Structures are given as structure tokens and as C-alpha cells.
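Residue numbers (UniProt numbering): 1 to 287.
The next block holds one structure in the form of C-alpha cells; read it before the comments.
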């Protein structure tokens, strides 16, 4: 046997072992899928004890504050929902299935908590993408779907442009009551801002996002506190307006027979209209 043949034997042997392992792993996972879904009904609430509700732990992660429509009083956000619960029917022993401890299944194959945004503003209650559900051998379920929501938000512009707003996001089960599903926080009792992407063009800053359990723990309410960026309005609206006011008052100090009195008055009025239009154009671009 040549030296070349001897040199390629070890790589071929490793490839053979890898192929065999992959085949056995695929067989184990296929057998596991068949066993856990045998007799499983995704429409039935997975309660082991009827006296104990299913605990659904939730985390809301803010990715982007897309827009705040002050006219229609709607907040547009991009978020990630994290839902955790336990389904005793999905448990298995890893020893019997080649050491497999975790699988990913389609969301239409398992029971999902029907958690929706109650103060939805456009009637779209579904998440943007039905991602897979991660299931471990103890029956712990993890579902992290992304969503783009339009929620109602009462805007108070009394202190514009130095105003702060509080917008609410209220989540809960659409059909189950507190005796069947109990909502809890998966981590901290606040919105997760670790992945929040600050937009340079946005006119709002996110200050805080606390959360609370309401209605005997059957709902979770998130409060998104936002503050308007005042630099633009100060430079483009407030300072020019004050200057125009001083120019308008200066008209009264000019002699009555001065021809510049009418010119200065008209000029101040026109400049004031341009300043106001500039602020409105900024708001129109944001909408």
C-alpha cells in the first residue's frame, strides 16, 4: 500500500464515524418526536392538576421605538416576547434518546398561551414571525417570537416641547382566566432595554420601562416612559420665536412717520410663520 493511501485513511475514518453518529442522532431525534407527540393534543391546556393554573413567565424586550403618532395617539414599537411555561406531556429521559436534552418544534404542534396585547390600536394581535418553540427534556417550553405592535397611548402636550409621556403595553391571555393561566415575570419586573437601538432621527428618549402585575396576576402592564428631545425645538422654534417677539416690540419704538415701521412689522410676521412651519415640517417627517 502506498504512502498516499495510508495518509488518507485517517480522514476517511473520521468522516465515516461522523456520518454514522449523524445517522444515529437523526434516528434518536425522530424516535423522540414520535414518542412525545403520540397522543398529544395541542388544543388541551397542559394541566397536571386542575387546581393549579399554568404559570406563564414573560419578558418584553424593546428593540426599537419606531414612532409615536401624537395626532392619532398611537405608539409603534418593535419588540421581542419571551414566554416560558411547563408542559408535563413534553418531558422525556435523555438516556433513552441518545442523550438528547433539547428539541425545537413548530409552534402549531404544541399548546401555546394565547398572550395578546390588549390595548392594540390596529386590530393585529399576532406576532410578526411564528418562531420555533424550544423544549427541554424536563418539559420546559421557551418561545421567543418577534412582534411589531401599534398600541394606544394618551399623549398630553401641555408642556410641549418639554413634555414626558407614559405609554402602556398591557398583555394577558385572551381566553383563559386567572384560575387557568397565571402571569409572572421571567426576570426583572421591567421591560428589557438591553437590545434597544436608539434612533438618531427619533424625537423621543426612553427614560424607564417599569412593569406590574394587574388583575390578580392574569395580566402584565408595561409602562414605557419617554421624553421629547428638546434641542431641535429650542433651536428652531423657541429661540427664533423669542427673537421675533422682541423685533415685533421694537416696531413701537420707531417713529410714527418712519417708513421702516411697516417693513419691520411685515418682516417679523413672515419670519414667525416660517419658524412655525419649520417645526411642523419636523413633526410631519417623524410621522
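Note that CB positions come from ideal geometry on N, CA and C, so glycine has one too.
Quantities reported herein were computed from a predicted structural model and do not represent experimental measurements.
Contact set for residue i: own chain, Cβ-Cβ below 8 angstroms, skip 5 residues either direction
i           : result
residue 108 : 42, 130
residue 73  : 152, 153, 154, 155
residue 172 : 115, 116, 118, 183, 215, 218, 219, 220
residue 87  : 46, 110, 111, 135, 139, 141
residue 66  : 76, 77, 78, 148
residue 32  : 92, 97, 100, 103
residue 175 : 114
Residue i: CB within 7 angstroms of a non-hydrogen atom of the ligand GTP
i           : result
residue 228 : The model on display carries no ligand, and the ligand GTP is accordingly not part of it.
For residue i, the three-state DSSP class (helix, strand or coil)
i           : result
residue 239 : helix
residue 109 : helix
residue 94  : helix
residue 72  : coil
residue 48  : coil
residue 58  : strand
residue 191 : coil
residue 205 : strand
residue 164 : strand
residue 21  : Any reading at residue 21 must be qualified, since the residue scores a pLDDT of 44, below 50, and its modelled position is unreliable; the value itself is stated next. In this structure, residue 21 counts as helix in the three-state DSSP scheme.
residue 126 : coil
Neighbour-count burial assignment, residue i, 16 or more Cβ in a 10 Å radius
i           : result
residue 193 : exposed
residue 231 : exposed
residue 150 : buried
residue 159 : exposed
residue 30  : exposed
residue 52  : exposed
residue 127 : buried
residue 209 : buried
residue 187 : exposed
residue 157 : exposed
residue 44  : exposed
residue 24  : Its pLDDT being 45, under 50, residue 24 is placed unreliably in this model, and the value from its coordinates should be taken loosely. Classification for residue 24: exposed.
residue 34  : exposed
residue 56  : buried
Same chain only: Cβ atoms within 7 angstroms of residue i, ignoring 5 sequence neighbours per side
i           : result
residue 124 : none
residue 63  : 78, 79, 80, 195, 196, 197
residue 311 : With the chain covering 1 to 287 only, the question about residue 311 has no answer from this structure.
residue 28  : 97, 98, 100
residue 121 : 74, 150, 151, 152
residue 202 : 65
Terminal residues of the beta strand (DSSP E) in which residue i lies
i           : result
residue 134 : 133 to 136
residue 143 : 140 to 143
residue 152 : 146 to 152
residue 229 : Per DSSP, residue 229 belongs to no beta strand (DSSP E) and is neither H nor E.
residue 116 : 115 to 117
DSSP beta-bridge partners of residue i
i           : result
residue 67  : 76
residue 222 : 169, 211
residue 183 : 56
residue 102 : 136
residue 86  : 140
residue 43  : According to DSSP, which records beta bridges pairwise, residue 43 is partnered with nothing at all.
residue 120 : 151
residue 81  : 60
Spatial neighbours of residue i in its chain, beta-carbon cut-off 6 angstroms, leaving aside the 5 residues before and after
i           : result
residue 37  : none
residue 134 : 104, 142
residue 132 : 104
residue 200 : none
residue 212 : 221
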